[in-house]
Amino acid sequence: MTALLKLDYLRKSYGERRLLDLGGLAIEAGQAYVVTGGNGAGKSTLLRILAGLEHADIAGMQFQGGSPAGATARQRIVYVHQHPYLFHTSVADNIAYGLKARGIGGAQRQRLVEEAIAWAGVGSLRLVPPGKLSGGEKQRVALARAKVLAPLLYLLDEPTANLDGEGRRQTIELVQKLAHDGAGVVIACHDREIIELPGMRHFHLDGGRLIQV
Ligand SMILES: Nc1ncnc2c1ncn2[C@@H]1O[C@H](COP(=O)(O)OP(=O)(O)OP(=O)(O)O)[C@@H](O)[C@H]1O
Ligand SMILES: [Mg+2]
Numbered sequence: 030m031t032a033l034l035k036l037d038y039l040r041k042s043y044g045e046r047r048l049l050d051l052g053g054l055a056i057e058a059g060q061a062y063v064v065t066g067g068n069g070a071g072k073s074t075l076l077r078i079l080a081g082l083e084h085a086d087i088a089g090m091q092f093q094g095g096s097p098a099g100a101t102a103r104q105r106i107v108y109v110h111q112h113p114y115l116f117h118t119s120v121a122d123n124i125a126y127g128l129k130a131r132g133i134g135g136a137q138r139q140r141l142v143e144e145a146i147a148w149a150g151v152g153s154l155r156l157v158p159p160g161k162l163s164g165g166e167k168q169r170v171a172l173a174r175a176k177v178l179a180p181l182l183y184l185l186d187e188p189t190a191n192l193d194g195e196g197r198r199q200t201i202e203l204v205q206k207l208a209h210d211g212a213g214v215v216i217a218c219h220d221r222e223i224i225e226l227p228g229m230r231h232f233h234l235d236g237g238r239l240i241q242v
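Going by the numbering used here, the first residue of the sequence shown is number 30, and it counts up by one from there.
Below, the structure written as structure tokens:
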């Protein structure tokens, strides 16, 4: 099977400090991976690099067997920030934003936004100003805003950090659904419940190396 994303090596330094020094990496479709590591180990940096948001020294990178630089590849990878920024418009507008940017309009956009709202279970939040949403609610809106773009690879940075109770449980459920629905999912986190989810592959980042646990 062709990996969704693969590379031969990835290196990242800040000045004299070598932060990441990874050998081969392959991410499969329909598989979820968790990346653990201490504070400052480079988890967020790795996700940002894979999302194309930060530069690194990379060899042999392919997305679906082709160039990762093309517009199609870039459009099929989404990065979800630990503290997602939401525009102060409405929940639906936030979810529609990426579709607007891609020139998808009218009834099609509305239908896709409604599907994403239902998927993330955020219909009851429609009238809540985005700035007033709880951490867990914001995270679910951010996941809906990513999902609506139908990406093949999700890079999730600590999706449950600072969440507990219902918000955390609902977010974990959504994260699980993404891989079940066929996407590749890479999650940076310390959350034991996510690490121990059935089928999860666990990598640990230490001293710049990614070790399978
Ligand atoms: N522009 C930069 N210049 C120099 N050092 C940087 C820069 N950006 C990040 N770093 C350093 O790189 C290291 C990795 O940061 P990163 O945010 O990837 O860690 P992390 O594993 O996500 O940590 P946490 O668990 O705290 O989220 C940190 O020590 C950080 O200070
Ligand atoms: Mg981080």
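All residues carry an ideal CB built from backbone N, CA and C; glycine is no exception.
Under the three-state reduction of DSSP, Ala-61 is assigned to strand. With a cutoff of 8 Å on beta-carbon distance, Ile-146 and Ala-173 are scored as near each other. Setting aside the 5 residues that flank it on each side, Glu-222 is surrounded in the same chain by Ile-201, each with a C-beta closer than 7 Å to its C-beta; the list follows chain order.
Non-local C-beta neighbours of Asp-122 in its own chain, meaning closer than 8 Å and more than five positions away in sequence, comprise Phe-116, ordered along the chain.
Take His-233, set aside five residues on each side of it, and the residues of its chain with a beta-carbon closer than 7 Å to its own are Thr-65, Gly-66, Ile-240, Val-242, in chain order. For Gln-199, the enclosing alpha helix (DSSP H) has its first and last residue at 194-209. Within its own chain, the residues whose Cβ lies closer than 7 Å to the Cβ of Asp-50, once the five positions on either side in sequence are excluded, are Arg-40, Gly-237, Arg-238, listed in chain order. Residue environment analysis places Thr-31 among the exposed positions, since fewer than 16 neighbouring C-beta atoms fall within 10 angstroms of its C-beta. Taking 4 residues as the minimum length, the alpha helix (DSSP H) runs contained wholly in the segment 51-120 are 72-79, 100-104, in order along the chain. Counting only beta-carbon distances shorter than 7 Å to the non-hydrogen atoms of ligand 2, the qualifying residues in chain order are Lys-72, Ser-73, Gln-111, Asp-186, Glu-187, Ala-217. A straight line joining the alpha-carbon of Leu-34 with that of Ala-85 spans about 16 Å. Each residue's CA atom was taken as its position, placing Leu-54 and Asp-37 some 7 Å apart. Annotation: the continuous alpha helix (DSSP H) that includes Lys-167 extends over 164-176. Residue environment for Thr-189: buried (at least 16 other C-beta atoms within 10 angstroms of its C-beta).
Pairing Gly-165 with Gln-111 gives a Cβ-Cβ distance that is not under 8 Å. If you draw a 10 Å sphere on the C-beta of Pro-180, you find 16 or more other C-beta atoms in it, and that means buried. Minimum Cα-Cα distance from Gly-71 among the listed residues Ala-61, Val-142, Gln-91, Leu-48 corresponds to Leu-48.
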